[in-house]
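Okay, structure first, notes after.
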């Protein structure tokens with residue numbers, strides 16, 4: 007039987023078709039699988055980064071709330087009613103995110119919003135010199151004796167006029183709100199997000215029994231082989247992905263991760279079953295396989311009569327299919343005929359179009375997600391600018407506050423030294439301002455400060471740095487100003503303001519002390535010289551400008 011040409015053609019043709027279908031499926035599977043995996047992992051990684059940034063910004067907002075309210079606690083001391091009222095206000099501002107708030111005084115007495123009191127002995131709560139050079143502290147989850155459940159403590163220091171630590175305020179964020187925030191993070195239907203702290207402790211997970219009990223460690227775990235390598239990778243890179251095996255489910259899983267910028271050491275993971283990622287391509291391959299089998303049966307029925315006619319077109323079709331698959335182009339010539347070969351060509355063309363359409367759909371999804379991420383990043387950036395405005399500007403005069411001035415000073419002085427420019431520092435003090443407050447009240451005093459600040463802003467250059475140093479005292483950094491030019495300019499401003507009419511108080515004068523920066527001079531020495539000049543101006547009767555002309559100390 008197999009010696010006949012017809013039998014040989016049928017046998018060879020059957021083998022060729024089988025090999026062709028297998029090659030097609032294998033080629034499509036290998037090429038499209040990796041491409042789809044890369045697209046899905048890219049999307050998931052961006053989703054992880056986006057939500058890590060969002061979670062980071064939420065904690066940044068908590069810190070900002072505490073910093074805005076911290077100044078209200080500085081003068082309260084042991085006034086328990088005022089402390090309780092301020093703590094209740096803090097909980098109200100935090101909404102559902104805060105379950106409690108605490109105040110720690112210099113004697114380490116801890117008071118919460120519900121009148122509970124105890125000594126602040128937990129090592130996670132910073133006190134005293136622990137706060138040096140720190141603006142906030144966010145703890146790992148700790149067991150709270152007040153709430154009876156784990157909480158994350160977000161705290162900021164309270165500083166006195168000398169910028170020394172005088173107390174701490176903190177808000178308790180329950181960890182049970184984290185699953186609600188993470189539940190919306192999904193790559194596919196069954197994916198889920200979870201969170202670990204700096205010690206690798208799981209603090210949020212869809213499986214409640216994992217929370218505060220399991221850890222993500224670099225030690226091999228027989229139940230999750232391969233996951234320890236992902237943890238090692240996460241300790242070295244801010245974001246990425248990896249694979250591991252879930253032995254209990256006998257399922258390969260893919261994990262993407264991203265570090266949370268505002269919470270150093272905290273990591274957000276997104277876990278997805280690998281089979282779900284490839285489900286779409288499996289469906290396409292199944293359809294292609296069914297089509298191929300049906301066409302093979304049809305062709306084999308007529309092969310005995312069409313052997314000679316079919317052989318050549320099949321070879322050509324096979325060549326073109328391989329060419330299209332390997333080159334990843336969308337143009338497929340095929341075989342233009344009305345017989346089974348033509349049908350096969352159309353079927354392959356349809357399969358390729360489906361695959362390409364699905365790929366384009368995935369690419370479109372990635373672009374949409376990227377745009378969403380960009381939009382949300384823009385919103386987060388705008389919120390950051392608003393937060394920066396809150397912590398950098400004096401709320402009354404809208405000038406830079408002392409903290410912002412200190413932060414900008416290093417940059418300005420570095421620029422001055424780089425360009426070898428002359429920079430002059432002026433300290434302004436409104437004369438007899440206490441008398442204005444005592445005589446007319448603090449509301450009138452505030453109006454004088456606002457009018458005075460507005461006049462300064464109007465008369466100074468854009469490049470000059472104006473700061474409300476404290477109370478009725480202002481500091482101005484005059485860029486590219488020599489001692490003589492700075493003196494003339496500031497004295498002219500002093501005379502102009504002295505001639506203005508102020509509502510209620512009529513006239514307002516002020517004294518000015520100035521000093522021009524010397525080479526390699528420390529800021530504290532420069533400020534001291536300007537302050538001495540201001541003191542001399544007050545001694546000489548106020549309402550005048552004095553510039554420090556003392557000789558620099560000679561080197562021994």
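Numbering (my numbering), first residue to last: 7 to 562.
The beta-carbon is built from N, C-alpha and C at its ideal position, and this holds for glycine as well.
Pairwise C-alpha distance: residue 459 and residue 407: 12 Å
Helix, strand or coil for residue 422? Go by DSSP, reduced to three states. helix
Starting from the Cα of residue 300, find the closest Cα among 347, 255, 264 and give me that residue. 347
Does DSSP put residue 480 in a helix, in a strand, or in coil? strand
Alpha-carbon to alpha-carbon, residue 353 and residue 360: 11 Å
Kindly provide the ranges of any beta strand (DSSP E) runs that are 3 or more residues long and lie completely inside the segment 445-509, ordered along the chain. 471-476, 479-485
Regarding residue 493 and the ligand MN, is the C-beta to nearest heavy atom distance less than 7 Å? In the structure on display, the ligand MN does not appear, and there are no ligands present to speak of.
Is DSSP giving residue 164 helix, strand or coil here? strand
In three-state terms, what does DSSP make of residue 185? helix
I'd like the ranges of any beta strand (DSSP E) spanning at least 3 consecutive residues and lying wholly in the segment 187-249. 198-202, 208-210
Buried or exposed: which applies to residue 381, given that a residue is buried once 16 or more other Cβ atoms fall within 10 Å of its Cβ? exposed
Which residues in the same chain as residue 544 place their Cβ atom closer than 6 Å to its Cβ, once the five residues preceding and following it in sequence are excluded? 517
Count the other CB atoms, across all protein chains shown, that sit within 10 Å of the CB of residue 253; report buried if there are 16 or more and exposed otherwise. exposed
With a cut-off of 8 Å on the beta carbons, I'd call residue 369 and residue 45 a contact; round off their distance for me. 7 Å
Between the C-alpha atoms of residue 366 and residue 378, what's the straight-line distance to the nearest angstrom? 18 Å
Distance between beta carbons of residue 113 and residue 176, contact taken as under 8 Å: That pair is no contact at about 16 Å.
Quick check: what's the CA-CA separation for residue 70 versus residue 421? 30 Å
Under the three-state DSSP convention, the category residue 552 falls into: strand
So which of 236, 215, 219 has the shortest CA-CA distance to residue 225? 236
So does the segment 262-272 actually touch the segment 200-220, counting three or more Cβ pairs closer than 8 Å? yes
Can you tell me which of 405, 474, 504, 522 puts its alpha carbon nearest to the alpha carbon of residue 492? 522
Is DSSP giving residue 106 helix, strand or coil here? strand
Leaving aside the five residues before and after residue 209 along the sequence, list all residues of the same chain whose C-beta is less than 6 Å from its C-beta, in chain order. 147, 181, 201, 203
Taking the alpha helix (DSSP H) that residue 544 falls in, what are its first and last residues? 529-545
In whole angstroms, what is the alpha-carbon distance linking residue 409 and residue 398? 7 Å
Taking the alpha-carbon of residue 76 as reference, which of 363, 92, 247 has the nearest alpha-carbon? 92
Candidates 262, 88, 512, 449: which alpha carbon is nearest residue 577's? There is no way to answer for residue 577, as the model of the chain reaches only from 7 to 562.
Residue 517 (DSSP reduced to helix, strand or coil): strand
Run through DSSP, which three-state label would residue 438 get? coil
Distance CB(residue 173)-CB(residue 164) smaller than 8 Å: yes
Using C-beta distances below 6 Å, list every residue in its chain close to residue 161, excluding the 5 sequence neighbours before and after it, in chain order. 143, 174, 176
Which residue or residues does DSSP assign as beta-bridge partners of residue 156? 149
Just to confirm, is the Cβ distance from residue 504 to residue 555 under 8 Å? no
Tell me the rounded alpha-carbon separation between residue 260 and residue 249. 5 Å
Cβ distance (whole Å) where residue 58 is taken to contact residue 274 below 8 Å: 5 Å
Please tell me whether residue 499 and residue 465 are closer than 8 Å, where the distance is taken between their beta carbons. yes
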